[in-house]
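> Residue numbering for the sequence shown follows full-length UniProt numbering, beginning at 1 and increasing consecutively.
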Amino acid sequence: MSTPTTQKAWIVERMGHPSKALTFHSDWPVPSEIPYNHVLVKIQAAALNPVGYKVMQIAPNLIAKRPLIAEYDFSGVVEKKNGTEFEIGDSVFGFVPLPLHSKTKQGTLAEYVLISGTCVTKRPSNVDAIHAAGLTLTGLTAYQCLFTDAQLETGQTVFIYGGSTSVGLFAIQIAKARGIKVVASASGRNEELVKKMGADEFIDYTKEPIHKYLTSHPPETKFDAIIDAYGLSDPSLYTNSPVYLAPGGVFISTAPVPHSLSMKEVGNFTKTAAAMKWPCWLGGIPRKFKVADVHESKADLEVFRALVAEGKVVGVVDSVYELEDSLKAYERLMSSKATGKVVVRIDKSLEVSSTV
């Protein structure tokens, strides 16, 4: 059966809330030319990411280079190939890195995606397409936070703020697989899940601001790294960190950007930006601050895939929506109530099983 020339796709056309930024097209072109070391994947499922709606809301069209297909994560089947190790019909999962997203205008809320072979790997047989759809972007982010940014080693300790977020859940599992002690925070309703993923200690952030709790209950041995998996705009966890973060430790935030354009959020972000850049010799915080910058790495992707294949890392799916209902999927993600990935099913023949 020949590949169609057009496809259904959600296109980001303007800045704003997803309901205003996105337009559904049923005749968007399918790439016809396959560059060397690229594959055309027929997408089975895609997963939403907070960075998707945040970029929609804060990045002007000129910077974001719109219009372009929305989102980054996918699972699917190789439809065409050129010079890669993949064969037509291979089940795969992968992601569109943010720099490539704006450059190529390829995204995953569509029926097809053209992507470099370095951003794709074979889907292990122990993972279905729904769960595989949400593995790559947040999984690689967690992996690179732990071992590229923090350079953690076996026997060290990490504190993960936002343990029930997608990045947080992956970070917990990956850290435990490498023999790293994990202290994680989330709301009390997610305590069981966070502990199930492997957290050694749990803190309910809803009972008391987390920086106040850690200041009054400092760990016996200071953390070697703190990973803010939620994307705090409030700088308090960082500015108080010398009490609970080791002198050589590093504070890593996935995206310390405003969650809205409210005065409070923008004000907190401004304070965080100032704290990040203010030098120690002028009274700044004597701890490193890094912003997670997930990048394509075939080596990292294959290590992560091996952890998934061995069953040491599993994806958690919060909910599944149809392609036509993607705006409802964004509503779920933006409610801050999602635990794990919000997935969009594109191949309607896929069965939706349990979430974990």
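Every residue, glycine too, gets a C-beta built ideally from N, C-alpha and C.
#1: Any contact between the stretch 141-154 and the stretch 220-232? By contact I mean 3 or more CB pairs, one from each, below 8 Å.
#2: With a cut-off of 8 Å on the beta carbons, I'd call V78 and G89 a contact; round off their distance for me.
#3: Note down the Cα distance separating residue 360 from Q57, rounded to an integer number of angstroms.
#4: Give the secondary structure of K105 by DSSP, where H, G and I count as helix, E and B as strand, and everything else as coil.
#5: Between the C-alpha atoms of L333 and L109, what's the straight-line distance to the nearest angstrom?
#6: Kindly indicate the opening and closing residues of the alpha helix (DSSP H) around Y36.
#7: State buried or exposed for E296, treating a residue as buried only when at least 16 other CB atoms are found within 10 Å of its CB.
#8: Give me the Cα-Cα distance between F223 and L307, rounded to the nearest whole angstrom.
#9: With respect to the beta strand (DSSP E) encompassing I252, which residues constitute its N-terminal and C-terminal limits?
#10: Could you please give the first and the last residue of the uninterrupted beta strand (DSSP E) stretch that includes D73?
#11: Would you mind working out which of K341, Y321, A338 and Y330 sits nearest E351, comparing C-alpha positions?
#12: Who are the Cβ neighbours of K288 in its own chain at under 8 Å, not counting the five residues just before and after it?
#13: How many Å lie between A246 and A255 at the Cα?
#14: Hey, would you say T165 sits closer than 8 Å to S187, going by beta carbons?
#15: In chain order, what residues of the same chain have a beta carbon less than 8 Å from the beta carbon of I43, not counting five sequence neighbours either side?
#16: Taking 7 Å as the limit between beta carbons, can you name the residues of its chain near T154, skipping five residues before and five after?
#17: Evaluate E324 with the Cβ neighbour count: other Cβ atoms within 10 Å of its Cβ, from every protein chain shown; 16 or more gives buried, anything less gives exposed.
#18: Return helix, strand or coil for W281, following the three-state DSSP convention.
#19: Could you give the first and the last residue of the continuous beta strand (DSSP E) run that contains I180?
#20: T221: buried (16+ other C-beta within 10 angstroms of its C-beta) or exposed?
#21: Among residues of its own chain, excluding the 5 on either side of P218, which ones have a beta-carbon nearer than 8 Å to its beta-carbon?
#22: Where do the N-terminal and C-terminal ends of the alpha helix (DSSP H) with G139 fall, by residue?
#23: Are the beta-carbon atoms of A46 and E71 separated by less than 8 Å?
#24: What would DSSP say about E111, mapped onto helix, strand or coil?
#25: Under three-state DSSP, which class holds K122?
#26: What residues are listed by DSSP as bridge partners for Y161?
#27: Can you tell me whether S241 is buried or exposed? The criterion is at least 16 other CB atoms within 10 Å of its CB, across all chains shown.
#28: Can you check whether the C-beta of G94 is within less than 8 Å of a C-beta belonging to chain B?
#29: Short of 6 Å in beta carbon distance, which residues of its chain neighbour residue 362, apart from the five on each side in sequence? Order them along the chain.
#30: Is the beta carbon of T39 sitting closer than 8 Å to the one on F86?
#31: DSSP state of R66, grouped into three classes?
#32: Check D325 in the structure and name its three-state DSSP category.
#33: From the DSSP secondary-structure annotation, give me the bridge partner or partners of A9.
#34: Can you give me the C-alpha to C-alpha distance between A171 and A64, rounded to a whole angstrom?
#35: Considering Cα atoms alone, identify which of P209, T148 and I115 is closest to Y161.
#36: Can you tell me where the alpha helix (DSSP H) holding K298 begins and where it ends?
Considering the structure as presented:
#1: Enough Cβ pairs lie closer than 8 Å, so yes.
#2: That pair is a contact at about 6 Å.
#3: Because the chain here runs from 1 to 356, residue 360 falls outside it and cannot be looked at.
#4: Coil at K105, not helix or strand.
#5: So the alpha carbons of these two residues sit roughly 15 Å apart.
#6: Boundaries for Y36: no alpha helix (DSSP H) harbours it, and the DSSP string shows neither H nor E there.
#7: Buried, because 16 or more other Cβ atoms sit within 10 Å of the Cβ of E296.
#8: The alpha-carbon atoms of F223 and L307 are separated by roughly 24 Å.
#9: L245 to S253 is the extent of the beta strand (DSSP E) around I252.
#10: D73 to N82 is the span of the beta strand (DSSP E), which, as asked, contains D73.
#11: The option with the nearest alpha carbon to E351 is Y321.
#12: Same-chain partners within the cutoff: G249, V250 and F251.
#13: About 22 Å.
#14: No, the pair does not count as a contact, with Cβ atoms beyond the cut-off.
#15: Cβ within range, chain order: F74, S75, G76, T108, A110, E111, Y112, V113, I346 and D347.
#16: R178, G179 and I180, listed in sequence order.
#17: Label assigned to E324: exposed.
#18: Bear in mind that a pLDDT of 46 at W281, under 50, signals an unreliable position, so the model cannot answer this.
#19: For I180, no beta strand (DSSP E) run applies, since DSSP gives it neither H nor E.
#20: Its Cβ having fewer than 16 others within 10 Å, T221 is exposed.
#21: In its chain, beyond the 5 residues on either side, V243 and Y244 have a beta carbon closer than 8 Å to the beta carbon of P218.
#22: DSSP places G139 inside the alpha helix (DSSP H), whose first and last residues are T136 to Q144.
#23: In this structure, E71 lies closer than 8 Å to A46 by Cβ.
#24: The answer is coil: DSSP assigns E111 none of H, G, I, E or B.
#25: Strand, per DSSP.
#26: Beta-bridge annotation (DSSP): Y161 is paired with S185 and D228.
#27: By the 10 Å Cβ count, S241 comes out buried.
#28: Considering every chain present, this structure includes no chain B. It has just one protein chain.
#29: The structure shown does not extend to residue 362, since the chain is modelled only from 1 to 356, so the question has no answer here.
#30: Here residue 39 is Val; the residue named in the question, Thr, does not match the sequence. Taking 8 Å as the cut-off, the beta carbon of V39 is found closer than this to the beta carbon of F86.
#31: If DSSP states are grouped into helix, strand and coil, R66 belongs with coil.
#32: Of the three classes helix, strand and coil, the one that applies to D325 here is helix, per DSSP.
#33: Partner residues in the beta bridge of A9, as assigned by DSSP, are H25 and A110.
#34: The alpha-carbon atoms of A171 and A64 are separated by roughly 29 Å.
#35: Of all alpha-carbon atoms in P209, T148 and I115, the one lying nearest the alpha-carbon of Y161 is that of P209.
#36: Residues K298 to A309.
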